[in-house]
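Chains as they are written, first to last, in this note's numbering: chain A, 2 to 478; chain B, 3 to 457; chain C, 413 to 806.
A quick write-up on the structure given underneath.
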Amino acid sequence: MGIAFPIPDNAIILRREAIISGLSALIPPESLITSEDERRAFETDALTSYRRMPLAVVLPTTTEEVAAILAFCNENGVKVVPRGAGTSLAGGAIPQEDAIVLGVGKMNKVLDINFGDRTMRVQSGITNLAISAEVAHKGFFYAPDPSSQLACTIAGNIAMNSGGAHCLRYGVTTNNILGVRMVLIDGTVVDIGSDAMDAQGLDLLGLIIGSEGQLGVVTEAIVRILPMAEGARPVLFGFETSEEAGACVAAIIGAGIIPVAMEFMDKPAIEICEAFAHAGYPLDAGALLIIEVEGSDAEMDAMLKKIVTIAKKHGVKTVKESKSATETAAIWKGRKSAFGATGRIADYICMDGTIPTGQLPYVLRRIDEIVKSYGLRVANVFHAGDGNLHPLILYNCNDPEEANKAEEAGNDILKLCVEVGGCLTGEHGVGIEKRDLMRHQFTDIDLGQQMRVRAVFDPKWLLNPAKVFPLDGRISP
Amino acid sequence: MQTNFTPEALQNPAMQASEKILRTCVHCGFCTATCPTYLLLGDELDSPRGRIYLIKDMLENNRPATPQVVKHVDRCLSCLSCMTTCPSGVNYMHLVDHARSHIEKTHRRSFSDRVFRGILAAVLPYPNRFRVALLGAAIAKVFTPVLRHLPGIGARIEAMLSLAPRMIGGRSPLERPQIVSSEGPRRARVALLTGCAQPVLNPGINEATVRLLNRMSVEIVIPKDEGCCGALVHHMGHEAESHSFAKKNIAAWISESEGEGLDAIIITASGCGTTIKDYGFMFRNDPEWAEKAAKVSMLAKDITEFLATHELPAIVRATSHTVAYHSACSMQHGQQIRDEPKKLLKSVGFNVKDVPEGHICCGSAGTYNILQPEIAGKLRSRKVANIQKIAPEIIATGNLGCMTQIGKGLSDTNDSTPIVHTVELLDWITGGPTPKAIEKAGLKADIAINTLAAE
Amino acid sequence: MSAPSLFAEQELIDSVHAARKAATPLSIIGSGTKSQIGRPAQSDKTLSTAALTGITLHEPAEMVIAARSGTPLAEVERRLADKKQMLPFEPMDYRPLLGSTGEPTIGGVVAANLSGPRRIMAGACRDSLIGIRLVNGKGELVKSGGRVMKNVTGLDLVKLVCGSWGTLGVLTEVTFKVLPKPQRSATLVLHGLDDANAIAALSAGLGSPFEVSGAAHLPNGVERVSATLLRLEGFDEQITYRLDALKKQLHRFAAADYVEGARSAALWRSVRDATFLVEPRENAVWRISIAPSKAAKIIAEIKKSLTIRHFYDWGGGLIWLSLPATGDAGAAAIRSALFGTGGYATLVRGPADIRAAIDVFEPLSPALRVLTAGIKQSFDPDGLFNPGRMIAGI
């Protein structure tokens with residue numbers, strides 16, 4: 002496939018035994034994985050078309066262990082690829098032969114909850130959904146809800162600045178984190194931010210969130226928790242065409258209504274999701290909007306009345322309101338399992354670009370054209386309210402030709418996103434997937450400034466080095 | 003995911019089936035979130051996704067299983083929680099079954115491991131041998147403090163002994179082949195799986211089942227030559243042995259089905275139900291047995307599944323006791339039976355509550371609690387703590403293994419809450435005797451008012 | 413971009429090159445309304461963005477607006493109001509507090525990360541900022557972010573630059589995600605609560621499902637009778653329902669009445685601009701950020717050694733306090749009280765000699781100092797922009 006990895010440093014590989022010996026002095030045996038069979042399970046993430054065997058895998062249980070490991074790697078020039086739950090769709094957790102994988106999955110405890118301040122302190126290996134589950138009994142939740150929230154860790158969310166369907170209303174990860182404890186490559190443990198709002202001095206927290214594991218390893222985080230609304234109701238709106246659906250979205254926003262989520266699906270996606278979740282998605286619709294409102298019953302009724310009026314002006318054919326908690330769960334299960342459910346019918350690459358919402362109909366048309374020109378199929382799912390698209394390019398991954406075509410189609414789509422004023426990635430991150438397209442969005446000056454900032458944290462390019470920045474033209478001080 | 007099986011390898015039907023399964027996995031990782039071992043260990047290798055990857059590599063290269071692969075596959079509970087969670091429809095059960103049989107064929111276990119497993123396979127599926135073994139266990143219990151220190155097997159022996167009951171009752175009248183009819187016109191005719199461990203450890207479950215079904219004018223036949231369903235040895239990867247057990251049962255039930263006829267084969271242990279419903283798949287490529295096995299799988303019904311589609315007898319006792327319904331993995335994940343048991347209990351008056359983290363295994367998982375005592379013990383404590391959070395008066399479930407496992411956990415915390423089979427409660431409320439465990443706990447249910455009025 | 417503005421941007425770039433060549437540090441200003449915040453300027457030359465004006469993008473349906481950095485804030489707000497939209501973070505006007513004159517620019521808002529009462533619900537300026545163009549200390553034009561909110565491409569320099577007080581570069585254009593202006597706005601007022609109970613009431617309100625968009629407490633040092641304020645914003649029928657529901661929920665603290673319309677707006681403008689502490693002019697004014705549950709204790713601690721007037725915003729998470737500008741203007745006592753609490757304090761008003769002598773911004777831990785210095789270096793290797801504005805030596 003088309004994405005290159007850096008040439009592994011042979012000197013490191015030759016010293017493998019010594020490196021493993023060094024690591025074994027820092028962590029207990031069950032936290033160190035060295036056999037070939039076992040390392041293989043860590044050679045990829047959710048972008049399985051790319052796989053690289055790591056030198057070894059470490060699964061520390063404390064910040065101190067992480068610090069010792071990083072300091073050791075820094076001294077010995079060993080690269081480190083941090084890993085949460087390995088659910089990255091952009092190859093963010095794919096290692097390389099001269100790197101160790103540092104997984105935070107064993108550090109998954111809740112450390113402190115303060116309902117009055119609406120903050121929680123957690124270890125970074127805890128899953129996104131587990132954070133919300135911990136405070137649900139008191140009527141609170143952690144807002145950013147990437148579709149993989151069941152399994153993904155807050156560490157991964159912080160690395161990628163993950164979003165989710167409900168971020169239209171509640172913001173993304175960077176708007177919901179107050180502080181982190183991070184270990185730098187030289188083993189220094191630094192606390193950035195705190196339980197007070199607005200971190201002191203330069204917004205290093207804002208810089209770290211979305212830095213894709215290249216500035217340090219986050220071991221703890223202080224997150225904001227929000228009160229749950231009195232009720233939430235998703236409604237399915239079936240349209241004949243995506244143009245109508247797109248125009249409806251614009252009109253709703255124009256009327257000053259910001260629903261808590263507005264998700265779009267085209268016909269292929271509707272069929273895929275309905276087959277898994279049986280949530281009652283209209284199978285005759287050309288495009289579907291899932292719009293969720295929150296509030297008391299009366300408030301939701303009033304809000305929905307407004308929305309339905311607007312939808313009717315834009316040709317809505319079916320309106321189906323959830324009437325129970327079970328129905329609501331099924332509707333969201335369908336949407337959130339869209340990617341995995343696609344696996345029932347074909348292999349796929351899940352793209353992630355953002356466009357100005359006004360460009361929706363044009364871009365959807367162009368995506369269709371692009372994918373067809375490669376002889377492939379596509380299903381579209383996306384966050385209509387903020388223009389973050391997830392075209393699922395369907396292909397057969399056992400066919401190398403189709404695999405290449407799918408990758409190229411994906412690249413063309415992302416370039417298109419940038420062309421119309423959007424960006425390469427809305428929430429999945431650059432990883433390796435979009436790394437070689439970075440110059441479509443940034444000038445060398447832009448990239449140079451970013452790399453100089455990066456160098457402040459990791460001058461030797463030891464942390465997750467194959468990712469984000471094009472392999473050529475890298476800056477080392 | 004991409005697979006790399008050679009065309010020759012795919013000629014093998016087992017490989018072909020597994021390749022299909024591997025192709026559906028998209029490596030999304032959702033399954034890790036609901037896997038009990040991943041929850042405890044935080045290690046990709048002890049998650050379904052990691053196991054799938056290990057198995058894939060092993061089967062693609064048709065390599066003998068390495069100790070590492072064996073370690074992680076052995077740790078799998080086969081709870082199938084992952085299958086409930088998987089959005090892509092990966093049939094993990096069939097994949098891990100294949101892996102287990104591949105392991106048994108290509109990997110030589112340590113001496114003590116082989117002996118231990120051999121003993122379990124030779125004893126548990128045979129009620130007479132099991133009875134003798136339990137007598138032995140009752141004596142050996144005294145030596146636990148010494149035995150637990152035996153290298154390699156000490157922990158397993160301790161686990162085994164701790165799970166053995168102090169004493170067992172006499173042989174149940176239901177243990178021999180027979181037909182139990184009710185008075186009046188017959189509404190249905192069913193076969194009842196007597197099972198292997200259940201009649202020895204808790205004959206009351208099937209006795210309650212027979213009473214209840216009779217009350218519903220259902221005729222029950224316990225066919226000749228019926229025996230262990232084979233799940234136990236199947237989960238150890240002993241394919242030939244498990245097929246042998248299955249064939250005996252299939253023959254016995256088909257004989258009844260083609261004779262007097264059968265409306266269903268009733269199973270009162272959900273662990274067995276999952277396996278019997280899989281007989282059709284197990285024999286899909288065997289021309290002699292395929293159709294019969296498929297018929298059996300179609301007829302197989304968990305007792306609660308059967309009761310949910312028939313009218314229960316009238317309520318004879320009034321109750322509003324709080325019942326925590328423990329949904330066994332084989333019930334909720336293996337057979338996708340979730341609501342029926344709860345609805346049944348509610349319909350006779352119980353106040354039914356769900357157990358927090360109900361989708362996570364109690365650690366019984368067949369012989370898992372003997373073979374993997376450490377992990378099983380942690381899961382047991384977690385399950386008991388979750389049950390205690392809702393403070394029920396009674397715990398009900400549909401699988402004997404869970405009853406034994408959770409029962410041990412309760413007694414470890416000096417908790418005397420009775421744990422019974424769902425069918426025992428339904429029998430009790432519709433006219434049967436008070437289940438022993440309920441009696442022991444001192445719980446009562448008064449005669450219902452309508453019954454009094456009828457008198 | 414229009415010709416005059418391209419010209420203005422190029423002029424700016426040329427000025428930076430010139431300053432670099434001559435090794436002359438620069439004070440960066442919009443119109444200088446906040447020049448008195450921070451450590452005193454260590455440069456003689458000033459570089460102003462005043463010529464860089466104009467709104468470059470406004471798509472109401474996409475809730476996005478972009479403007480050149482020298483554009484007056486008032487102009488941006490007017491343009492948004494025309495389409496019934498607003499900047500969610502409610503930037504404050506520092507002029508009353510500082511006694512400064514001039515027209516605050518949108519660039520200055522970003523450089524100072526100005527965030528008013530609505531910050532607790534809608535986020536700070538840095539949460540609404542989605543794109544920037546700036547000239548760094550090498551005279552390079554750097555852009556980060558863009559015009560879409562969901563954007564995780566590369567390192568997030570947008571967040572880094574927001575609130576950097578002009579020390580990393582000169583902003584030339586900024587892009588925001590905006591929100592619709594609420595149809596109706598009302599404020600619940602509870603009287604007579606002490607600090608601890610007031611914050612508990614605010615926490616209860618903020619923990620309710622009613623989307624409280626402003627939570628402040630005015631102790632009886634700034635008001636005759638203490639007033640605890642909770643603002644609700646939304647559609648008409650929503651507010652009617654929510655006012656009543658919230659009132660009921662907070663009844664255990666105190667009875668509440670409410671104000672609306674112009675009165676409500678005026679109240680929050682005062683909270684936003686800290687007008688309660690404008691007088692006496694000679695007093696120093698501090699801004700403290702702390703977890704609300706610790707706020708009342710901190711104030712009690714500070715009061716042990718200092719005479720202060722104070723009030724709370726952000727549900728207790730922001731404390732404004734004023735005290736005589738003598739000695740170190742309370743710096744040692746305040747920092748000592750905050751030690752180990754995760755809170756931090758910034759002196760926003762004080763005479764130049766005090767600002768030169770003390771830590772105006774919260775001192776950095778050694779590790780953070782190294783990172784901050786490194787980042788400054790990566791943007792501005794010759795230390796041209798506002799040297800020492802935030803931290804001495806950086």
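Idealized CB from N, CA, C, for every residue including glycine.
Every value quoted in this text rests on a predicted model; they were computed, and no experiment measured them.
Next on the checklist: Between F32 of chain B and chain A, is the shortest Cβ-Cβ distance under 7 Å, so that the two count as touching?
Outcome noted: As a first step, residue 32 of chain B is located in the second sequence; it is residue number 30 there, counting from the start. So, interface residue.
Next on the checklist: To the nearest angstrom, how far is the alpha carbon of M413 of chain C from that of A420 of chain C?
Outcome noted: Mapped onto the third sequence, residue 413 of chain C falls at position 1. Mapped onto the third sequence, residue 420 of chain C falls at position 8. At M413 of chain C the pLDDT is 47, less than 50, meaning the model places this residue with poor confidence and gives no usable figure here.
Checklist entry - Y281 of chain B lies in the alpha helix (DSSP H); which residues open and close that run? => result On the second sequence, position 279 is the one that residue 281 of chain B refers to. Following the DSSP letters along the chain, one finds Y281 of chain B inside the alpha helix (DSSP H) bounded by residues 281 to 284.
Checklist entry - If L417 of chain A sits next to Q442 of chain A, beta carbons under 8 Å apart, how far is it from one beta carbon to the other, in whole angstroms? => result One-based indexing of the first sequence puts residue 417 of chain A at position 416. One-based indexing of the first sequence puts residue 442 of chain A at position 441. The C-beta distance from L417 of chain A to Q442 of chain A rounds to 12 Å, too long to fall under 8 Å, and the pair is not in contact.
Next on the checklist: Quick check for students: name the residue ranges of the beta strand (DSSP E) that lie wholly in the region 93 to 128 of chain A, counting only runs of 3 or more.
Outcome noted: With a minimum length of 3 residues, the continuous beta strand (DSSP E) runs that stay inside the region 93 to 128 of chain A are 100 to 104, 111 to 115, 120 to 124.
Item to check | Proximal chain A residues relative to M85 of chain B, where beta-carbon distance stays under 9 Å | outcome: The residue you call residue 85 of chain B lines up with position 83 of the second sequence. Within 9 Å Cβ-Cβ: nothing; M85 of chain B doesn't reach chain A, min ~13 Å.
Checklist entry - How many Å lie between E457 of chain B and V318 of chain B at the Cα? => result Working through the second sequence from its first residue, we reach residue 457 of chain B at position 455. Working through the second sequence from its first residue, we reach residue 318 of chain B at position 316. Caution applies to E457 of chain B, whose pLDDT of 48 falls short of 50 and renders its modelled position unreliable; the model cannot decide the point.
Item to check | Bridge partner(s) assigned by DSSP for M263 of chain A | outcome: Residue numbering aside, residue 263 of chain A sits at position 262 when the first sequence is read from its first letter. DSSP, once it has assigned bridges, lists A:I292 as partnering M263 of chain A.
Item to check | Alpha-carbon spacing of L553 of chain C relative to T461 of chain C, whole angstroms | outcome: What you label residue 553 of chain C is simply residue 141 of the third sequence in a count that begins at 1. What you label residue 461 of chain C is simply residue 49 of the third sequence in a count that begins at 1. Taken atom to atom, the span from the alpha-carbon of L553 of chain C to that of T461 of chain C is near 14 Å.
Next on the checklist: Below 8 Å on the Cβ atoms is my contact criterion, and I expect L377 of chain A with L395 of chain A to pass it. Report the Cβ-Cβ distance as a whole number of Å.
Outcome noted: Translated into the one-based positions of the first sequence, residue 377 of chain A becomes position 376. Translated into the one-based positions of the first sequence, residue 395 of chain A becomes position 394. Contact between L377 of chain A and L395 of chain A holds, with the beta-carbon distance rounding to 6 Å and staying under 8 Å.
Checklist entry - What does Q661 of chain C reach in chain A if we use C-beta pairs closer than 7 Å? => result Within the third sequence, residue 661 of chain C is the residue found at index 249, counting from 1. Against chain A, the beta carbon of Q661 of chain C has no neighbour under 7 Å; the closest one sits roughly 11 Å away.
Checklist entry - Relative to chain C, which residues along the region 431 to 443 of chain A have a C-beta separation below 8 Å, given in chain order? => result Those residues of the region 431 to 443 of chain A that come within reach of chain C (Cβ to Cβ, closer than 8 Å) are V431, K435, M439, Q442, F443.
Item to check | Simplified DSSP state of H328 of chain B, which is helix, strand or coil | outcome: Your numbering for residue 328 of chain B matches position 326 in the second sequence. Three-state result, H328 of chain B: strand.
Next on the checklist: Please classify H391 of chain A as buried or exposed, where buried requires at least 16 neighbouring CB atoms within 10 angstroms.
Outcome noted: Locating residue 391 of chain A in the first sequence gives position 390, counting from the first residue. Looking at its Cβ environment, which holds 16 or more other Cβ atoms inside 10 Å, H391 of chain A is buried.
Item to check | Y363 of chain A (DSSP reduced to helix, strand or coil) | outcome: Here residue 363 of chain A is taken as the residue at index 362 of the first sequence, counted from 1. Reduced to three states, the DSSP call for Y363 of chain A is helix.
Next on the checklist: With three or more beta-carbon pairs closer than 8 Å as the criterion, would you say the region 210 to 228 of chain B touches the region 172 to 184 of chain B?
Outcome noted: The answer is yes - the region 172 to 184 of chain B touches the region 210 to 228 of chain B, with three or more Cβ pairs under 8 Å.
Checklist entry - Would a C-beta distance cut-off of 7 Å place I305 of chain B and T211 of chain B closer than the cut-off? => result Here residue 305 of chain B corresponds to residue number 303 of the second sequence, with the count starting at 1. Here residue 211 of chain B corresponds to residue number 209 of the second sequence, with the count starting at 1. Result yes, Cβ atoms of I305 of chain B and T211 of chain B sit closer than 7 Å.
Item to check | R675 of chain C burial status per 10 Å Cβ neighbour count (16 or more: buried) | outcome: Counted from its first residue, the third sequence places residue 675 of chain C at position 263. Exposed, by the Cβ-count rule.
Checklist entry - Using DSSP with H/G/I as helix, E/B as strand and the rest coil, what is E457 of chain B? => result The residue you call residue 457 of chain B lines up with position 455 of the second sequence. Per-residue confidence for E457 of chain B stands at a pLDDT of 48, beneath the threshold of 50, marking its modelled position as unreliable; the derived number appears in the next sentence. In the structure shown, E457 of chain B sits in coil (DSSP, three-state: anything other than H, G, I, E or B).
Checklist entry - beta strand (DSSP E) containing T389 of chain A: first to last residue? => result By one-based count along the first sequence, residue 389 of chain A stands at place 388. Residue identity check: residue 389 of chain A is Asn in the sequence provided, not Thr. Segment 389 to 396, the beta strand (DSSP E) holding N389 of chain A.
Checklist entry - Would a C-beta distance cut-off of 7 Å place P394 of chain B and A326 of chain B closer than the cut-off? => result The count along the second sequence starts at 1 and reaches residue 394 of chain B at position 392. The count along the second sequence starts at 1 and reaches residue 326 of chain B at position 324. Taking the C-beta atoms as reference points, A326 of chain B is found nearer than 7 Å to P394 of chain B.
Checklist entry - Per DSSP, I224 of chain B forms a beta bridge with which residues? => result Sequence index remark: in the second sequence, residue 224 of chain B carries index 222 (1-based). According to DSSP, residue pairing for I224 of chain B in a beta bridge involves B:Q180.
Checklist entry - If you follow the beta strand (DSSP E) that N381 of chain A is part of, which residue opens it and which one closes it? => result The residue given as residue 381 of chain A occupies position 380 in the first sequence. Run containing N381 of chain A: 378 to 384, per the beta strand (DSSP E) assignment.
Item to check | Cβ neighbours of L662 of chain C in the same chain (closer than 8 Å, five flanking residues each side left out) | outcome: Along the third sequence, one-based indexing puts residue 662 of chain C at 250. Excluding sequence neighbours, L662 of chain C sits near L600, L602, A613, A616, G617, L642, A668.
Item to check | Environment of E585 of chain C [buried if 16+ CB atoms lie within 10 Å] | outcome: Residue mapping note: residue 585 of chain C aligns to position 173 of the third sequence, counting from 1. Burial check for E585 of chain C: the Cβ neighbour count within 10 Å reaches 16 or more, so the residue is buried.
Checklist entry - Do we get a CB-CB distance below 7 Å when we pair C249 of chain A with the residues of chain E? => result Here chain E cannot be found, since the structure's protein chains are A, B and C.
Checklist entry - Who pairs with R16 of chain A in a beta bridge, going by DSSP? => result Along the first sequence, one-based indexing puts residue 16 of chain A at 15. Paired residues: none, contrary to the question.
Checklist entry - Going along the chain, which residues of the region 39 to 72 of chain B sit with their C-beta nearer than 7 Å to a C-beta in chain A? => result The residues in question are G44, D45, E46, L47, G52, Y55, L56, D59, T68, Q70, V71.
Checklist entry - Is the Cβ of E39 of chain A closer than 7 Å to any Cβ of chain B? => result By one-based count along the first sequence, residue 39 of chain A stands at place 38. At least one chain B Cβ lies under 7 Å of E39 of chain A.
Item to check | From C:L485, C:A696, C:G727, residue whose alpha carbon lies closest to that of I720 of chain C | outcome: For the purposes of this step, residue 720 of chain C is identified with residue 308 of the third sequence, where counting begins at 1. Looking at C:L485, C:A696, C:G727, the one whose alpha-carbon comes closest to that of I720 of chain C is C:A696.
Checklist entry - Any beta-carbon of chain A closer than 7 Å to the one on S174 of chain B? => result Your numbering for residue 174 of chain B matches position 172 in the second sequence. By this cut-off, S174 of chain B is not an interface position.
Checklist entry - What does D192 of chain A pair with, by DSSP beta-bridge criteria? => result Working through the first sequence from its first residue, we reach residue 192 of chain A at position 191. In the DSSP assignment, D192 of chain A is bridged to A:R182.
Checklist entry - Closer than 7 Å, CB to CB, is D146 of chain A near chain C or not? => result Indexing the first sequence from 1 puts residue 146 of chain A at position 145. Nearest CB-CB separation between D146 of chain A and chain C: not below the 7 Å threshold.
Item to check | Counterpart residues of G557 of chain C in DSSP-defined beta bridges | outcome: In the third sequence, the residue the question calls residue 557 of chain C occupies position 145. For G557 of chain C, which the question treats as bridged, DSSP gives the partners C:G543.
Next on the checklist: Counting C-beta neighbours from all protein chains within 10 Å, is the total for L152 of chain B 16 or more, i.e. buried, or is it exposed?
Outcome noted: Position 150 of the second sequence, counting from 1, holds the residue named residue 152 of chain B. Residue burial is scored here from C-beta neighbours: L152 of chain B has fewer than 16 other C-beta atoms within 10 angstroms and is therefore classed as exposed.
Checklist entry - How about V521 of chain C and L569 of chain C: are their beta carbons less than 7 Å apart? => result Taking the first residue of the third sequence as position 1, residue 521 of chain C is located at position 109. Taking the first residue of the third sequence as position 1, residue 569 of chain C is located at position 157. Cβ distance not < 7 Å, so V521 of chain C and L569 of chain C don't count as in contact.
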